[in-house]
Amino acid sequence: MTHRIAILGASGYTGAELVRLIATHPDLTITALSADRKAGMAMADVFPFLRHLDLPVLVKIDEIDFSQIDLCFCALPHATSQEVISKLPKTLKIVDLSADFRLRDPAEYQKWYGQPHAAVEMQKEAVYGLTEFYRDEIKSARLVAGTGCNAATGQYALRPLIAAGVIDLDDILIDLKAGVSGAGRSLKENLLHAELSGGTHAYSAGGKHRHLGEFDQEFSKIAGREVRVQFTPHLLPMNRGILATVYVKGDPAQVHQTLAAAYAGECFLKVLPFGALPSTRDIAGSNYCHIGVTGDRIAGRAVVVAVLDNLTKGSSGQALQNANLLLGLEETAGLMMAPVFP
Numbered sequence: 001m002t003h004r005i006a007i008l009g010a011s012g013y014t015g016a017e018l019v020r021l022i023a024t025h026p027d028l029t030i031t032a033l034s035a036d037r038k039a040g041m042a043m044a045d046v047f048p049f050l051r052h053l054d055l056p057v058l059v060k061i062d063e064i065d066f067s068q069i070d071l072c073f074c075a076l077p078h079a080t081s082q083e084v085i086s087k088l089p090k091t092l093k094i095v096d097l098s099a100d101f102r103l104r105d106p107a108e109y110q111k112w113y114g115q116p117h118a119a120v121e122m123q124k125e126a127v128y129g130l131t132e133f134y135r136d137e138i139k140s141a142r143l144v145a146g147t148g149c150n151a152a153t154g155q156y157a158l159r160p161l162i163a164a165g166v167i168d169l170d171d172i173l174i175d176l177k178a179g180v181s182g183a184g185r186s187l188k189e190n191l192l193h194a195e196l197s198g199g200t201h202a203y204s205a206g207g208k209h210r211h212l213g214e215f216d217q218e219f220s221k222i223a224g225r226e227v228r229v230q231f232t233p234h235l236l237p238m239n240r241g242i243l244a245t246v247y248v249k250g251d252p253a254q255v256h257q258t259l260a261a262a263y264a265g266e267c268f269l270k271v272l273p274f275g276a277l278p279s280t281r282d283i284a285g286s287n288y289c290h291i292g293v294t295g296d297r298i299a300g301r302a303v304v305v306a307v308l309d310n311l312t313k314g315s316s317g318q319a320l321q322n323a324n325l326l327l328g329l330e331e332t333a334g335l336m337m338a339p340v341f342p
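Counted from 1, the sequence shown has number 166 at position 166 by the UniProt record's numbering; the numbering is strictly sequential.
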């Protein structure tokens with residue numbers, strides 16, 4: 001059976017990544033694509049790298065006949081998805097890639113995103129979309145809220161360690177480097193080539209980054225007590241990829257063994273041999289996350305390094321993985337492509 005798919009916000013990076021992935025999916029066909037400013041354009045004119053595909057013309061959302069759609073990906077900006085999704089048919093399966101349904105507490109949403117939650121009732125049915133940890137809930141859900149790409153990277157490095165109690169929960173530091181596509185496709189002065197290339201900088205430092213809301217929510221839930229991590233992201237002049245270096249107090253060998261055991265059966269999560277550390281080039285364009293662990297010269301401390309592609313495993317690949325579960329398909333369908341190298 002072929003499932004009919006709509007992608008809202010198809011003219012952004014995550015929308016284009018969804019098209020790239022779905023193009024080789026054996027059980028999905030793209031029936032509708034929406035865009036706002038680019039409505040009426042062919043996808044090949046917006047993204048020439050997709051010109052080999054026979055795709056629907058981009059239209060406004062209200063021009064889509066959702067009775068002909070089995071599942072909808074919503075790749076719209078935050079604060080937009082709540083309003084749009086609220087108006088979609090109640091029987092439609094939805095995977096939202098924005099931040100609008102990630103935080104279970106509407107007060108936390110307002111704290112981190114600066115405005116009231118506009119779909120509180122829908123929030124109650126949203127399932128957090130970190131696939132490997134919410135698989136059963138996702139299978140029976142209607143609305144899945146995709147994670148933040150930074151939040152996913154940090155969680156893959158830390159969730160098993162927090163659950164197993166092998167690290168000090170009051171001394172966790174996440175130092176993260178991210179590629180520029182994570183900032184979206186909108187024109188921004190600080191993302192101009194002349195102002196970005198040749199340098200790097202920290203941003204949202206001192207506990208201001210919005211993905212901290214996800215860390216607080218998820219880590220505290222696992223631990224059964226409040227967990228607050230230090231987190232500083234940095235913007236690198238590269239197109240794709242995230243590298244998180246996580247500093248923890250704990251026995252390095254035990255940290256490695258815990259992660260290796262937790263992910264032993266996971267297709268997309270690869271724990272390297274002890275002492276080996278991954279690079280963002282190892283996972284570019286793929287749905288894989290690689291994790292490495294090493295010790296520190298200070299006894300009782302460990303360094304965990306996690307890498308993933310922010311557009312794939314951190315967003316659109318994760319969304320497709322969740323959609324496969326929602327539709328009762330093989331979870332890995334459309335996602336087994338090898339990373340791109342060099």
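A virtual CB, placed ideally from N, CA and C, is assigned to each residue, including glycine.
| Query | Result |
| --- | --- |
| Residues of its chain near residue 141, where Cβ-Cβ distance is below 6 Å and the 5 sequence neighbours each way are ignored | 127 |
| Boundaries of the alpha helix (DSSP H) in which residue 120 is found, first to last residue | 120-123 |
| Sub-8 Å separation of residue 70 and residue 85 beta-carbons | no |
| Secondary structure of residue 270, DSSP reduced to three states | strand |
| Paired residues, beta bridge with residue 74 - DSSP | 8 and 96 |
| Extent of the continuous alpha helix (DSSP H) run through residue 117 | Premise fails: residue 117 is in no alpha helix (DSSP H) and is neither H nor E. |
| Element boundaries [beta strand (DSSP E), containing residue 14] | Where residue 14 is concerned, there is no enclosing beta strand (DSSP E), although the alpha helix (DSSP H) it sits in stretches over 13-22. |
| As assigned by DSSP and simplified to three states, the class of residue 211 | coil |
| Exposure label - residue 138; buried when at least 16 CB within 10 Å | buried |
| Terminal residues of the alpha helix (DSSP H) in which residue 252 lies | 252-262 |
| Buried/exposed call for residue 341, threshold 16 Cβ in 10 Å | exposed |
| Neighbourhood of residue 227 by C-beta, 6 Å cutoff - its chain only, sequence neighbours within 5 removed | 169, 219 and 220 |
| Residues near residue 269 in its chain [Cβ-Cβ closer than 6 Å; skip 5 each side] | 263 and 289 |
| Nearest residue (CA-CA) to residue 132, options 337, 319, 338 and 334 | 319 |
| CA nearest to the CA of residue 174, picked from 306, 67, 222 and 310 | 306 |
| Beta-carbon spacing of residue 8, residue 74 below 8 Å | yes |
| CB of residue 112 within 8 Å of CB of residue 213, strictly | yes |
| Enclosing beta strand (DSSP E) for residue 244 [first to last residue] | 242-249 |
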